[in-house]
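There are 2 protein chains.
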Amino acid sequence: MIHNQTTDLIANHRSIRAFKPQALTEDQLTTLYTAASHTSSSMFMQQFSILHVTDEQKRAAVREIANQPYVGKDGDLLIFIADLHRNQQIRQQLGLDDGRLHTTDIFFQAVEDTVLAVQNVVTAAESLGLGAVVLGSVNNDPAALVKALGLPKLTFPVLGLQVGIPDQEPQLKPRLPLNFVAFENDYPTDFKVSDLKDYDQVVQTYYDLRDANRRIDSFTKQISGKKLTADPAKRDGLAQLLRDQGLALDWQ
Amino acid sequence: MIHNQTTDLIANHRSIRAFKPQALTEDQLTTLYTAASHTSSSMFMQQFSILHVTDEQKRAAVREIANQPYVGKDGDLLIFIADLHRNQQIRQQLGLDDGRLHTTDIFFQAVEDTVLAVQNVVTAAESLGLGAVVLGSVNNDPAALVKALGLPKLTFPVLGLQVGIPDQEPQLKPRLPLNFVAFENDYPTDFKVSDLKDYDQVVQTYYDLRDANRRIDSFTKQISGKKLTADPAKRDGLAQLLRDQGLALDWQ
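Chains as they are written, first to last, in the numbering used here: chain A, 2 to 253; chain B, 2 to 253.
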């Protein structure tokens, strides 16, 4: 690969889950928001918002939903929201109907706007010497999250981000070799799980080094295990929550 | 904001839609794939793939679907795929059922993995002096795209990316002021469209400078106009296509 400050930063990404007990400065926050706002946006509709959660009660509520002790603790908690409410307000205040705002198509565009912005914030944060972890766990209970944050209809909190001054130095997590994820012209139909033998060993070694006392499985054993079988209960309330929020109403 | 090479790069993002007639080098491609592969991944399930489309027939097919002349022309075309097929293969070849692979929850996680990776590739590309444009338009006809690319069940092409050596220098597109997109603790309920008056003027001026002969509207006029009302026909086949692909089957 070609090395420069930015490509090295991206290729050396680690999720950080332990932070020093210090909040971001206003300047740091503004930098992260600026990175988000300059992200590509579908049809220039700018359909995302960021909620910076500093209220201790709200932080505790999100932490309980995420069920991860570092969420809303040290560092700052940002919630990235697919936001069709703002554009609905624009249309309604101009005397118009909601147009296509309730379609799956526009909802997906908003989700894409939002997730692209998340990654720009992660990269910007890391370039400032900060660390971050993307929090899919905030949607362990989508309805509870929307309620805890007091979000209006036509919004959906897609991902959270805990960001702050790193208080750990994790090893780089080994990713699938590129030949398993990048293809030319044809999606391969000859995948063999046995081809992942070497990679499985690499992942196993990574976990053994990270914590010799805690047994964590190889990649294929993770995919064949409880990550894809355990009953996540309220995570499956997602479709219903989106419906309640007035989103993707044509999905059936 | 705080300036460094990476934050400046992100804050100065422009979508590039005109490229020199030169393909990426292997080294450049590997750098982009490496950036993608080191992106955060939900539960470490690495549920995305990239298809590099170099075949002229396939490029033409995608261009026709996207209905944009620069798609699959100069530069390189990448299609980013939410990929649950690979993990299904792992499970099936190990004698297991599909577990939660057909749920909305896992599908959304795959979409998030994929879109985060897209942004890392954009940023990496720009750091190499390349330009890129994210292509939501590849899903103007989701079923046709899946067919044209020969994608298996449990995959979904989320976004495309046209990337190459820039052959234009567009102005920076003015984004919504940060106070409209980033909030502390409470999502604002007092949005007034009239508050966007100044921003509307900025956007109007941007378009006037970009192309004095072509009238493009202010932000609020775009939101109140055909972007959210025109009948996109096949884009609304999205939910059905996902169902056909075996994705998010619990959505109803």
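All C-beta atoms, glycine included, are put in the ideal place defined by N, C-alpha and C.
Please report the Cβ distance between residue i and residue j, rounded to the nearest whole angstrom; I am assuming they are in contact, meaning their Cβ atoms lie under 8 Å.
i              : j              : result
residue 85(B)  : residue 102(B) : 5 Å
residue 39(B)  : residue 183(A) : Rounded, the Cβ-Cβ distance is 13 Å, inconsistent with contact.
residue 1(A)   : residue 249(A) : No answer is possible for residue 1(A): the residues shown for chain A start at 2 and end at 253.
residue 223(A) : residue 45(B)  : 7 Å
residue 175(B) : residue 82(B)  : Not really, about 33 Å apart at Cβ, beyond 8 Å.
residue 160(B) : residue 116(B) : 7 Å
residue 59(A)  : residue 180(B) : 20 Å between Cβ atoms; not a contact.
residue 221(A) : residue 245(A) : Not really, about 37 Å apart at Cβ, beyond 8 Å.
If you count every other CB in all the chains shown that lies within 10 Å of the CB of residue i, and 16 or more means buried, which is it?
i              : result
residue 114(A) : buried
residue 50(B)  : buried
residue 142(A) : buried
residue 170(A) : exposed
residue 236(A) : buried
residue 88(A)  : buried
residue 162(B) : buried
residue 69(B)  : buried
residue 55(A)  : exposed
residue 140(B) : buried
residue 95(B)  : exposed
residue 239(A) : buried
residue 41(A)  : buried
residue 228(B) : buried
residue 195(A) : exposed
residue 210(B) : exposed
residue 206(A) : exposed
List the residues of chain B that residue i touches, going by C-beta distances under 8 Å, in chain order.
i              : result
residue 237(A) : 104, 105, 106 and 251
residue 137(A) : 43, 44, 110 and 113
residue 184(A) : 50, 51, 52 and 53
residue 59(A)  : 186
Anything in chain B within Cβ reach of residue i, meaning under 7 Å, just list it in chain order.
i              : result
residue 228(A) : 44 and 46
residue 12(A)  : 35, 36 and 39
residue 125(A) : 7, 8 and 11
Rounded to the nearest angstrom, what separates residue i and residue j at their Cα positions?
i              : j              : result
residue 154(B) : residue 109(B) : 16 Å
residue 18(B)  : residue 32(B)  : 21 Å
residue 189(B) : residue 177(B) : 15 Å
residue 24(A)  : residue 66(B)  : 47 Å
residue 15(A)  : residue 219(A) : 19 Å
residue 74(A)  : residue 167(A) : 13 Å
residue 125(A) : residue 251(B) : 36 Å
residue 63(B)  : residue 146(B) : 7 Å
residue 191(A) : residue 93(B)  : 13 Å
residue 133(B) : residue 173(A) : 28 Å
residue 35(A)  : residue 12(B)  : 6 Å
residue 253(B) : residue 9(B)   : 44 Å
residue 29(A)  : residue 137(B) : 31 Å
residue 129(A) : residue 48(A)  : 26 Å
residue 7(A)   : residue 127(B) : 9 Å
residue 198(B) : residue 4(B)   : 29 Å
residue 43(B)  : residue 111(B) : 8 Å
Does DSSP classify residue i as helix, strand or coil?
i              : result
residue 231(A) : coil
residue 175(B) : coil
residue 110(A) : helix
residue 86(B)  : helix
residue 220(B) : helix
residue 237(B) : helix
residue 22(B)  : coil
residue 104(B) : coil
residue 251(A) : coil
residue 150(A) : helix
residue 168(B) : coil
residue 77(A)  : strand
residue 144(B) : helix
residue 136(B) : strand
Quick one: which chain B residues come within Cβ less than 9 Å of residue i?
i              : result
residue 177(A) : 38, 47 and 87
So which residues of chain A does residue i contact, with C-beta pairs closer than 9 Å?
i              : result
residue 206(B) : Here the premise fails: no neighbours, minimum Cβ distance about 15 Å.
residue 233(B) : 101, 104 and 106
Using a Cβ cut-off of 7 Å, pull out every chain A residue sitting near residue i, in sequence order please.
i              : result
residue 100(B) : 229 and 230
residue 3(B)   : 28, 29, 32 and 129
Name, please, each residue of chain A whose Cβ falls closer than 8 Å to the Cβ of residue i.
i             : result
residue 92(B) : 224, 225 and 229
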